[in-house]
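All remarks here apply to the structure that follows.
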Amino acid sequence: MTQFANNRKAFFDYEVLEKFSAGLELEGNEVKSIRNGKISLAGSFVAVRGGEAYLIGADIPPYQPKNAPQDYDATRARKLLLSKDEIEKLRDAEQTKGLTIVPLSVYNKGRFLKVDVAIAKGKKQFDKRQAIKKRQTERDINRSL
2 MTQFANNRKA FFDYEVLEKF SAGLELEGNE VKSIRNGKIS LAGSFVAVRG GEAYLIGADI
62 PPYQPKNAPQ DYDATRARKL LLSKDEIEKL RDAEQTKGLT IVPLSVYNKG RFLKVDVAIA
122 KGKKQFDKRQ AIKKRQTERD INRSL
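In short: position in the sequence shown from 1, add 1, done, that's our numbering.
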């Protein structure tokens with residue numbers, strides 16, 4: 002299992018409540034681009050529209066920019082492959098105030114590309130400060146040892 006992208010900002014900004022693993026509906030050149038590590042999850046989110054879940058805002062540049070189709074959109078909405086029960090949970094979370102759905106990582110499972118999606122709750126500013134302090138003290142302890 003190779004991890005191609007990790008949304009580190011999501012772990013800092015949000016408290017993860019529940020995780021799902023979803024398949025991605027991609028074009029061939031997008032798969033090659035992701036396998037080369039050219040994907041960015043920064044600022045992306047998941048939306049449920051019409052009974053289907055979509056990954057919005059993920060940037061996948063073309064594999065070969067000079068050979069890409071003229072109408073290629075690197076940030077287009079990509080369909081997520083989830084079960085009906087999982088989509089229903091995501092829809093309920095999306096409608097609940099204070100919850101959001103964020104992608105955490107993109108990885109391969111065998112020959113398939115998967116994305117970890119999480120229902121998350123936004124952290125307050127003091128929670129973020131505590132996380133920074135905790136990280137700093139752990140570094141200091143490791144340095145002294």
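Ideal Cβ placement from N, Cα and C applies to all residues, glycine included.
| query | result |
| --- | --- |
| Tell me whether the region 69 to 80 and the region 94 to 113 touch, counting them as touching only if at least three CB pairs, one residue from each stretch, are closer than 8 angstroms. | no |
| Is the region 50 to 67 touching the region 21 to 34, taking contact as three or more C-beta pairs under 8 angstroms? | yes |
| Could you pull the DSSP bridge partners for residue 113 from this structure? | 110 |
| Looking only at C-alpha atoms, which of 28, 38, 2 and 54 sits nearest to residue 119? | 54 |
| How would you call residue 128, buried or exposed, if buried means at least 16 neighbouring beta carbons within 10 angstroms? | exposed |
| Applying the 10 Å Cβ sphere with the 16-neighbour rule, what's the burial state of residue 145? | exposed |
| At the level of alpha carbons, what is the spacing between residue 88 and residue 102? | 11 angstroms |
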